[in-house]
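Novice: According to the numbering used here, the sequence shown is numbered sequentially starting from 1398. Built from N, CA and C at the ideal position, the CB exists for glycine as well. Since the model is a prediction, treat every value here as computed from it, not as a measurement. Quick one: the structure is below, questions incoming.
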Amino acid sequence: APPSSTRMHRGLTRAAAKPPRALHRLLSSTVKTATVTFDKPFLLHKLEEGPPMTTEVTRDELFSYFEVMFRMRRMEIAADTLYKGKFIKGFCHLYDGQEAICVGMEAGARPLDGLVTSYRDHCQQLIRGDTVKGVLTELLGKAGGCAKGKGGSMHMYKKDANFYGGNGIVGAQTPIGAGLAFAHKYKGDGGVAWTLYGDGAANQGQLFEALNMAALWKLPLVYVCENNQYGMGTSKKRSSANDDYYTRGHYVPGIKIDGMNVLAVREGVKFVRQHVLEHGPMVIEMDTYRYHGHSMSDPGVTYRNRDEVAGVRATRDPVERIKRYILETELGTAAEIKQIEADVKKEVNEAVEAAKALPQPDPAELWTDIYTDQSANFFMRGSDFSVSKGVYGVTK
C-alpha cells in the first residue's frame, strides 16, 4: 500500500533524484526502484560540472512526493475558495503550480537547514511540519494558528523546524537568509540556509549586498530564485536586463533547475548543498510557473492568456508528472493514486471545516508580541488614550 499521510514531512526520503524524457523509454524499473533520466539539462554558471542526469527513485519516494504535492494543491485550492467566500481577508498568494520546488528542496535538504521565503509561503509551512488545518487556521485569522491568527497568509513561521517565515516585503528575506547562513557557520552545525525569492525580487539591491558579504565570508547560503515568469503582472523580459537568474550572482556560481520536476529539484539541491558547505554561496534558478495570479486580487489573465496557463498545465504540471512516473515505472497503480487523492481531498475538506469552527483570537492578543520581553504593565498607547494598555510611564 502507498505510504500514509503521516509521512508528509520528514517522511520525504532524502535521496538523489532526477527528471524524465520519453518516459516509456527513459524509465527502467525493477520491483521497488526505477532509474529516471532527466529531459532538461541543468544549466551551469561558473561550475565545471553539475548534478548527474540520472537517478534512482523508490516506490515509497514516488508515493510520498505525490501525496505531499497533491495535498499542497488541494490546500491551495481550498484557500482560493475560502478567499472568494470572504473567509480569508487581506492578501493571499497561492503556490499551486510550484509544488515541486518545495517538496524537492525538502527531499534534498536537511531538517537542520534554515529556510526563509517570501509571502508565497503556505506550502513551506506545511512541508516543515505544520498541518493543513494549522495553515488554514492562520489564513482564517483564528486562534491557534502559527502566528496566533495575527499574521495571516504572508507570515507563516515555524521556528522549531528552522522555518523563519514568509516575509511581506519584497526581497526582505534575502539579508535574513544571509544571517541564517552566518549563524550556521558560526555554530559549525553543518547547516545550510535556503533563501527563496521570486523573479520580481531579483533586482533588489539588498539581495546583492547580502550576497557580496556571503561570498566574502564563504557562508553556506543558497539563494533560490523561484522564477515563475512574472513579477506581479510584469514578465521577466520586461523587468530584467538579464533574465538568466542563475548567472546573476556574477562571481558566485549558479545553476538552473527544472522547477516543475520534483526529482530534478531534489537532485539539484543535493548537489548544491554539498557545494556550498565546501565553497560558499550559490544561486539557484528554479524554472517554474504559477497557475493563479500574483495574489487573489489578480485574475492573472490580463498580462497572459488562458491558453498559456492551460499549455503549462497540459505539458509541465508537477503533480501530473509524478503520477506519470508512478505509472510508467509500474511502481504503483492508478487505483492506488485514486485512493490517495480521495483520502487527501477528505482530509483537506475536514481541515477546512475544523479551521472555520475555531474561535477568533482573544482581543487581548492585540497587545501581545509587539515588543520582546514586554511586561504586563508595559505602556502602549491606543488609538485613543482611554483605551491604552499598561501603566503610563512603564517602558519595560
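Kindly indicate which residue of THR1432, GLY1656, ALA1661 and TYR1700 has the alpha-carbon position closest to the one of LYS1634.
Specialist: For the residues THR1432, GLY1656, ALA1661 and TYR1700, the minimum Cα distance to LYS1634 belongs to TYR1700.
Novice: Rounded to whole angstroms, what's the CA-CA distance from LEU1674 to LYS1615? Just pull it up for me.
Specialist: Approximately 9 Å between the Cα atoms of the pair.
Novice: Taking the continuous beta strand (DSSP E) assigned at VAL1791, which residues delimit it?
Specialist: Careful: VAL1791 lies outside any beta strand (DSSP E) and carries neither H nor E.
Novice: Have a look at ASN1658, GLY1651, ALA1598 and GLY1602 and flag the residue whose alpha-carbon is nearest the alpha-carbon of MET1629.
Specialist: Checking every option, the nearest Cα to that of MET1629 belongs to ALA1598.
Novice: Taking GLY1708 as the reference, which of LEU1537, ARG1687 and PRO1696 has the closest Cα?
Specialist: Per the Cα distances, ARG1687.
Novice: Three or more C-beta pairs under 8 Å: does that hold for the stretch 1773-1783 against the stretch 1500-1517?
Specialist: Not touching, per the Cβ criterion.
Novice: Please state the DSSP three-state secondary structure of MET1683.
Specialist: Residue state, collapsed to three classes: strand.
Novice: Within the same chain, show all residues whose beta-carbon is closer than 7 Å to that of GLU1762, passing over the 5 residues directly before and after it, in chain order.
Specialist: Closer than 7 Å at Cβ, skipping near neighbours: LYS1545 and LYS1547.
Novice: Would you check if the distance between the CB atom of THR1644 and the CB atom of GLN1603 is smaller than 9 Å?
Specialist: Cβ distance not < 9 Å, so THR1644 and GLN1603 don't count as in contact.
Novice: Ignore the nearest five residues each way along the sequence and tell me which others in PHE1484's own chain have a CB closer than 8 Å to its CB.
Specialist: These residues qualify, in order along the chain: LEU1537 and LYS1753.
Novice: Nearest to GLN1671 by CA position, among TYR1722, GLY1447 and MET1657, is which residue?
Specialist: Ranking the options by Cα distance to GLN1671, first place goes to GLY1447.
Novice: Any idea what DSSP makes of ILE1767, helix, strand or coil?
Specialist: Three-state result, ILE1767: coil.
Novice: With a 10 Å radius around its C-beta and 16 neighbouring C-beta atoms as the bar for buried, classify THR1427 as buried or exposed.
Specialist: With a pLDDT of only 43 at THR1427, under 50, the local geometry of the prediction cannot be trusted, and the value read off the model is given with reservation. By the neighbour-count rule (16 or more Cβ atoms within 10 Å), THR1427 is not buried but exposed.
Novice: Is it buried or exposed, ILE1566, if we count other Cβ atoms within 10 angstroms and call 16 or more buried?
Specialist: With fewer than 16 Cβ atoms within 10 Å of its Cβ, ILE1566 is classed as exposed.
Novice: What does a CB cutoff of less than 8 Å around LYS1720 pick up in its chain, not counting 5 residues either side in sequence?
Specialist: Counting only Cβ-Cβ distances below 8 Å, and skipping sequence neighbours, we find PHE1463 and ILE1734.
Novice: Return helix, strand or coil for GLU1446, following the three-state DSSP convention.
Specialist: Correct three-state label for GLU1446: coil.
Novice: Looking at GLY1787 and TRP1764, is the spacing between their C-beta atoms short of 9 Å?
Specialist: Against a cut-off of 9 Å, the Cβ pair of GLY1787 and TRP1764 comes out as a contact.
Novice: Please list, in chain order, all residues of the same chain as PRO1400 whose beta carbon is under 6 Å from its beta carbon, the five residues on each side excluded.
Specialist: Note on PRO1400: pLDDT 42, under 50, position unreliable in the model; no value is reported.
Novice: So what does DSSP say about THR1534, is it helix, strand or coil?
Specialist: Note: THR1534 maps to helix in three-state DSSP.
Novice: With a floor of 3 residues, list each beta strand (DSSP E) that falls wholly inside the stretch 1531-1615, ordered by position along the chain.
Specialist: For the stretch 1531-1615, whole beta strand (DSSP E) runs of length 3 or above, ordered along the chain, are 1590-1595.
Novice: For GLU1705, which of helix, strand or coil comes out of DSSP?
Specialist: Reduced to three states, the DSSP call for GLU1705 is helix.
Novice: Going by beta-carbon coordinates alone, are HIS1581 and SER1550 separated by less than 9 Å?
Specialist: Going by C-beta atoms, HIS1581 is not nearer than 9 Å to SER1550.
Novice: Any idea what DSSP makes of GLY1779, helix, strand or coil?
Specialist: Note: GLY1779 maps to coil in three-state DSSP.
Novice: Would you mind working out which of GLY1487, VAL1649 and THR1726 sits nearest VAL1619, comparing C-alpha positions?
Specialist: Of GLY1487, VAL1649 and THR1726, the residue nearest in Cα terms is VAL1649.
Novice: Can you confirm whether the stretch 1432-1439 touches the stretch 1652-1665 when touching is taken to mean that 3 or more C-beta pairs between the two stretches lie within less than 8 Å?
Specialist: Output reads yes: the stretch 1432-1439 touches the stretch 1652-1665.
Novice: Taking C-alpha atoms, which residue in VAL1529, ASP1684 and VAL1454 lies nearest to TYR1594?
Specialist: Comparing Cα-Cα distances from TYR1594 to each of VAL1529, ASP1684 and VAL1454, the minimum goes to ASP1684.
Novice: Can you give me the C-alpha to C-alpha distance between ALA1612 and GLY1542, rounded to a whole angstrom?
Specialist: If you take the alpha carbons of ALA1612 and GLY1542, they lie about 37 Å apart.
Novice: Do ALA1748 and LEU1577 have their C-beta atoms within less than 9 Å of each other?
Specialist: No, Cβ-Cβ distance for ALA1748 and LEU1577 is not below 9 Å.
Novice: Would you identify the three-state DSSP class for ALA1752, choosing helix, strand or coil?
Specialist: DSSP places ALA1752 in helix when its eight states are reduced to three.
Novice: Tell me whether TYR1516 sits in a helix, a strand or coil according to DSSP, three-state version.
Specialist: In the structure shown, TYR1516 sits in coil (DSSP, three-state: anything other than H, G, I, E or B).
Novice: Short of 6 Å in beta carbon distance, which residues of its chain neighbour VAL1500, apart from the five on each side in sequence? Order them along the chain.
Specialist: Cβ within range, chain order: TYR1462, VAL1465, MET1466 and VAL1659.
Novice: Restricting to Cα atoms, I'd like to know which of CYS1489, ALA1739 and MET1693 is closest to ARG1468.
Specialist: For the residues CYS1489, ALA1739 and MET1693, the minimum Cα distance to ARG1468 belongs to ALA1739.
Novice: Who are the Cβ neighbours of GLN1601 in its own chain at under 6 Å, not counting the five residues just before and after it?
Specialist: Cβ neighbours of GLN1601 beyond the five flanking positions: GLY1568.
Novice: Can you look up ASN1746 in the DSSP assignment and give me helix, strand or coil?
Specialist: Three-state result, ASN1746: helix.
Novice: Considering only residues of the same chain and omitting the five flanking positions on each side of ASP1759, which have a CB-CB separation below 8 Å?
Specialist: Result list for ASP1759: ALA1540, in chain order.
Novice: Please go through the same chain and pick out, in chain order, the residues whose beta-carbon is closer than 7 Å to the beta-carbon of LYS1530, but skip the five residues on each side of it.
Specialist: Excluding residues within five positions, the ones whose Cβ falls inside 7 Å are ALA1748, ALA1751 and ALA1752.
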